[in-house]
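Okay, structure first, notes after.
Residue numbers (the numbering used here): 190 to 478.
Here's what the structure looks like:
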């Protein structure tokens, strides 16, 4: 995992420094959305910055435009942060990265407005550089549909608790955002439609594997270790891999299978070009937080 570790460290240093020095326009004493946006982008230790790392890793692996890739890396983290704010409001969570969530630190209305502004900021590079904007729009739609289905799943009858429905949820909540990061890397690297398609397929399975492991960690780790809600209360009425597959052990088997599917999507590429992505697929299902 050395290449992945180095890539994550480089990205985290670059993105953390960028966001600590970020200035949003029109600062004034009349509103606090700028402050809330800044707070969330730098919350806790800033997180692992995996999604920006995916963008920059693809650009590095395929000799892409680094400046353009950095624009996409920031944009994806803006959108990711937007989803965290909305997710915390909808799940009524108080803690994120061992710190108060945005709506607790400020208030729900400010949090929603800050989230909306972060989302808008994140759209800009995709509209600026993406030749096939419909591809991005499809991912964006899936992102929101998956979140809606996740909320609806809390009241589903037993006959709705199916693997295909769980995968629909996760294809939006997790895969779509990872695929946005991949798309940014592909655009920055001017990859072909076929190359982009295979990498997006990789992102689909990586997202499913990532969320499956998150479900497992929610069962096996403490809230302090994860920096967010964990345990039975966190997953109350939720459709998760452990609940669907009957145990943490069975859920881990499924997560490993999804990781293998993700890696198989990279078979047509030169290994040196996708070495970090291969390690990321392994790390996703082996991580402890």
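Even glycine gets a Cβ: it sits at the ideal position worked out from N, Cα and C.
Are there 16 or more other CB atoms within 10 angstroms of the CB of residue i, so buried, or fewer, so exposed?
{"i": "residue 375", "result": "buried"}
{"i": "residue 419", "result": "Because residue 419 carries a pLDDT of 49, less than 50, the predicted location of this residue cannot be relied on, and the following value inherits that uncertainty. By the 10 Å Cβ count, residue 419 comes out buried."}
{"i": "residue 350", "result": "exposed"}
{"i": "residue 291", "result": "buried"}
{"i": "residue 316", "result": "exposed"}
{"i": "residue 208", "result": "buried"}
{"i": "residue 451", "result": "buried"}
{"i": "residue 348", "result": "exposed"}
{"i": "residue 478", "result": "exposed"}
{"i": "residue 443", "result": "buried"}
{"i": "residue 474", "result": "buried"}
{"i": "residue 330", "result": "exposed"}
By how many angstroms is the C-alpha of residue j removed from the C-alpha of residue i?
{"i": "residue 251", "j": "residue 260", "result": "17 Å"}
{"i": "residue 465", "j": "residue 459", "result": "12 Å"}
{"i": "residue 445", "j": "residue 294", "result": "37 Å"}
{"i": "residue 272", "j": "residue 457", "result": "33 Å"}
{"i": "residue 379", "j": "residue 253", "result": "7 Å"}
{"i": "residue 270", "j": "residue 337", "result": "17 Å"}
{"i": "residue 447", "j": "residue 213", "result": "39 Å"}
{"i": "residue 342", "j": "residue 262", "result": "31 Å"}
{"i": "residue 381", "j": "residue 363", "result": "24 Å"}
{"i": "residue 432", "j": "residue 369", "result": "28 Å"}
{"i": "residue 199", "j": "residue 319", "result": "26 Å"}
{"i": "residue 195", "j": "residue 324", "result": "31 Å"}
{"i": "residue 221", "j": "residue 305", "result": "13 Å"}
{"i": "residue 463", "j": "residue 390", "result": "14 Å"}
{"i": "residue 354", "j": "residue 360", "result": "10 Å"}
{"i": "residue 249", "j": "residue 255", "result": "8 Å"}
{"i": "residue 476", "j": "residue 230", "result": "23 Å"}
{"i": "residue 461", "j": "residue 296", "result": "47 Å"}
{"i": "residue 423", "j": "residue 439", "result": "With a pLDDT of 49 at residue 423, under the threshold of 50, the modelled position of that residue is not reliable, and the figure given next carries that caveat. Whole-angstrom Cα-Cα distance: 20 Å."}
{"i": "residue 185", "j": "residue 470", "result": "No information on residue 185 is available, as it lies outside the stretch 190 to 478 that the chain covers here."}
{"i": "residue 201", "j": "residue 240", "result": "10 Å"}
{"i": "residue 192", "j": "residue 467", "result": "10 Å"}
{"i": "residue 217", "j": "residue 227", "result": "14 Å"}
By the three-class DSSP mapping on this structure, what secondary structure does residue i have?
{"i": "residue 284", "result": "strand"}
{"i": "residue 378", "result": "helix"}
Rounded to the nearest angstrom, how far is the Cβ of residue i from that of residue j, given a contact under 8 Å?
{"i": "residue 245", "j": "residue 264", "result": "That pair is no contact at about 12 Å."}
{"i": "residue 388", "j": "residue 366", "result": "Contact flag wrong, Cβ pair sits at about 15 Å."}
{"i": "residue 399", "j": "residue 190", "result": "The Cβ separation is near 16 Å, so there is no contact."}
{"i": "residue 267", "j": "residue 311", "result": "4 Å"}
{"i": "residue 286", "j": "residue 205", "result": "With a Cβ gap of about 13 Å, residue 286 and residue 205 do not count as contacting."}
{"i": "residue 340", "j": "residue 279", "result": "6 Å"}
{"i": "residue 372", "j": "residue 328", "result": "7 Å"}
{"i": "residue 225", "j": "residue 303", "result": "4 Å"}
Exercise for the section: Please specify which runs of the alpha helix (DSSP H), each continuous and at least 4 residues long, are wholly inside the region 225 to 254, giving them in chain order. Expected result: List check, alpha helix (DSSP H) in window: 239 to 250.
Problem - Completely contained beta strand (DSSP E) runs for the region 326 to 352, where each covers 3 or more residues - result: Inside the region 326 to 352, DSSP marks no whole beta strand (DSSP E) run of 3 or more residues.
Problem - Completely contained alpha helix (DSSP H) runs for the region 449 to 473, where each covers 4 or more residues - result: Counting whole runs of 4 or more residues, the region 449 to 473 contains no alpha helix (DSSP H) stretch at all.
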